[in-house]
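Q: Residues -25 to -1, 1 to 316 (mature numbering (1 follows the signal peptide of the UniProt record, and there is no 0)) are what the sequence shown spells out, left to right.
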Amino acid sequence: MLFSKQTLKLGVVMIALTLILAACGGNQSNNGGSGAGSANGNGDNKPKQEAGSNQTEAPKTKIYKAENGDIEVPVNPERIVAITFLGDLLALGVTPVGAGSIALDNSVLLKEELSGVTSVGDVSVEAVMDLEPDLIIVPSYLPGETVEQLVKIAPTVAIPWFGFTGTDPLDQVKTIGGLIGKEAEAEAFIARYKEKAAEAKARIAGAIGPDETVGSYSIWAKSFWVLPKGRDAGYNLLEMFGLTPQAKVNEEVIATGEGKDISLEVVPEYAADHMFVTVYEPDGGSERAKEIMEGSLWNNLDAVKNNHVYMLDMTEFWMNDGLNLEKQLDILVDIILAQNK
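1) Give me the residue from Asp207, Ala102, Leu110 with the minimum Cα distance to Phe137.
2) Using beta-carbon positions only, say whether Thr93 and Ala66 come within less than 9 Å of one another.
3) So, are the CB atoms of Glu88 and Thr59 less than 9 Å apart?
4) Around the C-beta of Pro144, are 16 or more other C-beta atoms found within 10 angstroms, so that it is buried, or is it exposed?
5) So for Met104, helix, strand or coil by DSSP?
6) Helix, strand or coil: which one does DSSP assign to Ser191?
7) So, at 8 Å on beta carbons, what are the nonlocal neighbours of Ala222 in its own chain, with the 5 sequence-adjacent residues on each side left out?
8) When the Cα atoms are used, what is the spatial distance from Trp293 to Leu202?
9) Using 8 Å for Cβ pairs, my map puts Phe251 next to Ser191. What's the rounded Cβ distance?
10) On the DSSP letters alone, give me the boundaries of the beta strand (DSSP E) that Pro243 sits inside.
11) Do Leu85 and Lys302 count as a contact pair if the criterion is CB distance below 9 Å?
12) To the nearest angstrom, how far is it from the Cα of Asp45 to the Cα of Asp258?
13) What are the complete beta strand (DSSP E) segments, minimum 3 residues, inside the region 52 to 99?
14) On the DSSP letters alone, give me the boundaries of the beta strand (DSSP E) that Phe251 sits inside.
15) Are the region 41 to 56 and the region 124 to 132 touching, with three or more C-beta to C-beta distances below 8 Å?
16) Would you identify the three-state DSSP class for Met268, choosing helix, strand or coil?
17) Just to confirm the assignment: which complete alpha helix (DSSP H) runs, minimum length 4, are found wholly within the region 117 to 154?
18) In the DSSP assignment, what residue or residues form a beta bridge with residue 324?
19) Can you list, in chain order, the residues of its chain whose CB lies under 6 Å from that of Asn51, leaving out five sequence neighbours each side?
20) Measuring only the C-alpha atoms, how far is Gln147 from Lys280?
21) Here's the rule: buried if 16 or more other CB atoms are within 10 angstroms of the residue's CB, otherwise exposed. What is Ala78?
22) What's the gap between the Cα of Ile179 and the Cα of Leu312?
23) Pick out whichever of Ile306, Asn282, Glu262 has its Cα sitting closest to the Cα of Asp248.
24) When burial is assigned at 16 or more other CB atoms within 10 Å of the CB, is Gly152 buried or exposed?
25) Is it buried or exposed for Gln3, if we count other Cβ within 10 angstroms and need 16 for buried?
26) State the Cα-Cα distance for the pair Glu101 and Tyr255, rounded to the nearest angstrom.
27) Is the region 218 to 236 touching the region 261 to 271, taking contact as three or more C-beta pairs under 8 Å?
28) Can you give me the Cβ contacts of Arg54 inside the same chain, cut-off strictly under 6 Å, excluding the 5 residues immediately before and after it?
29) Got a sec, what are the start and stop residues for the alpha helix (DSSP H) Val279 sits in?
30) When the distance is taken between beta carbons, is Val113 closer than 9 Å to Thr131?
31) In chain order, what residues of the same chain lie with their CB nearer than 6 Å to the CB of Ser76, ignoring the 5 residues before and after it?
32) From Pro118 to Lys171, what distance separates their C-alpha atoms?
33) Report the rounded CA-to-CA distance for Gly270 versus Ala196, giving the unit in angstroms.
34) Go to Ile111, then tell me how far its beta strand (DSSP E) extends in each direction, as first and last residue.
35) Around the C-beta of residue 352, are 16 or more other C-beta atoms found within 10 angstroms, so that it is buried, or is it exposed?
36) In angstroms with no decimal places, state the Cα-to-Cα distance between Thr253 and Ser90.
And the structure:
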C-alpha cells in the first residue's frame, strides 16, 4: 500500500511537469522568429508592458519644500482642507472640502463659492479627520503641536500667510498654485486681476488727486490701528492703484510691514487725506468707534471735513487673498466714487 501511494504521488508530479513543459514549448513556438505577440520578440510580454507603463506613468506625489520641512504631497490633490488661503484656492478654480472657521466667517465676499465647504473650527483635528483629506494647507503661524497632529491625518504643508509676513499676496497665489499643480491657473488669475485693477485705477483717477494721501485704519475696543499694506484695503490702494501713503504712516508702518497701535491723541499725525476705516465690533469695538467719531478730535480731521473717510465692512476686507482681493476692487471703486461725486 505504501509503494502504491508513492507511485501515485510521483505520477501526479510527472503529469504537472509535462503540462508546464508543454506550455513553455507552445509559447516559444508562438513567439519565435518574427516575435509575433511580443513587444520585444523574447516572449517576456506582460512584464515588459508593465515596466513600460511604469516608466511613462506620471508620478502621483512630489516633494514640496514647506515651512515645516520637505513634505511628500499628492501631485493632483482632490480633497484639500485649508485653514486659510481660501481666496487663493478659489482663484485657481479649486474649492476645498474643509476650511478654518475664521477664514470662512471672514470671507463673506466668497459666500457663494464657499457654500458647500465644511468648517473645521479653529482648528478641530477631529473635524479635519472626518473629511478624509489628501492634503492639508495651514498658515505657518499655526501652533506646532496642532500641525503635528494634522500630519498624522494627511500631508500637511505650512505656508507663510502674507497678512502676518508682509509678503506679496500675488506671490501667495503663485505659491498655492505651485503646491497643487495649478501654476497656469495662477498666472491667468494674476493677469485678470491686474487688468481689472488697472481699469479700477482709471475710474477713480479724478476722485483722489496725485498729491493726496491715503491710509488704512482699524478701530478696536482698546486699539486704534494704523495698518500696513498687507491689511484691509492697503494692497489695492497702494500697490494696485499706486496711491500715495501718508508720510508718517509710510515711514513707520508701510516700511516695516507691521501695524501700529496709536493713542487717540496722535491720530491727526497719522491721518491721511483719504482714510479707509474698518471697525472690529466685538468686545465694545462698535461703542468705541461711535465715541471716537462723535468727538471733536475726529471731526477736526481734514478727511472728515471733506467727506473722505470711507467706512469699510471688516468682514469684507479681513481676508486679502486671491479672489477676495479681486472682489474688493469693486467695493473700493463704488465707495470712492459715491463720496466724490
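Virtual Cβ for every residue (Gly too), placed ideally from N, Cα, C.
Here the structure is a predicted model, which means the values were calculated and not measured.
A: So, from the data block:
1) Asp207
2) no
3) Going by C-beta atoms, Glu88 is not nearer than 9 Å to Thr59.
4) Within a 10 Å sphere around the beta-carbon of Pro144 sit 16 or more other beta-carbons, which makes this residue buried.
5) helix
6) strand
7) Closer than 8 Å at the Cβ level, and outside the excluded window around Ala222, lie Thr188.
8) 12 Å
9) 5 Å
10) Careful: Pro243 lies outside any beta strand (DSSP E), inside the alpha helix (DSSP H) at 242 to 245.
11) yes
12) 41 Å
13) 55 to 57
14) Phe251 -> beta strand (DSSP E) spans 249 to 254.
15) yes
16) helix
17) 119 to 126, 137 to 140
18) Here the chain has residues from -25 to 316 only, and residue 324 is not among them.
19) Gly156
20) 38 Å
21) buried
22) Spanning the two alpha carbons is a distance of roughly 7 Å.
23) Asn282
24) buried
25) Residue confidence is low: Gln3 scores 38 on pLDDT, short of 50, so the model does not pin down where it sits. Its coordinate-derived value is still stated next. By the neighbour-count rule (16 or more Cβ atoms within 10 Å), Gln3 is not buried but exposed.
26) If I take the Cα positions, the gap works out to 30 Å.
27) no
28) Val72, Pro108, Asp109
29) 277 to 280
30) yes
31) Ser94, Gly96, Asp97
32) 37 Å
33) 16 Å
34) Annotation: the continuous beta strand (DSSP E) that includes Ile111 extends over 110 to 114.
35) The shown model of the chain, from -25 to 316, leaves out residue 352, and the question about it has no answer.
36) One C-alpha to the other measures close to 25 Å.
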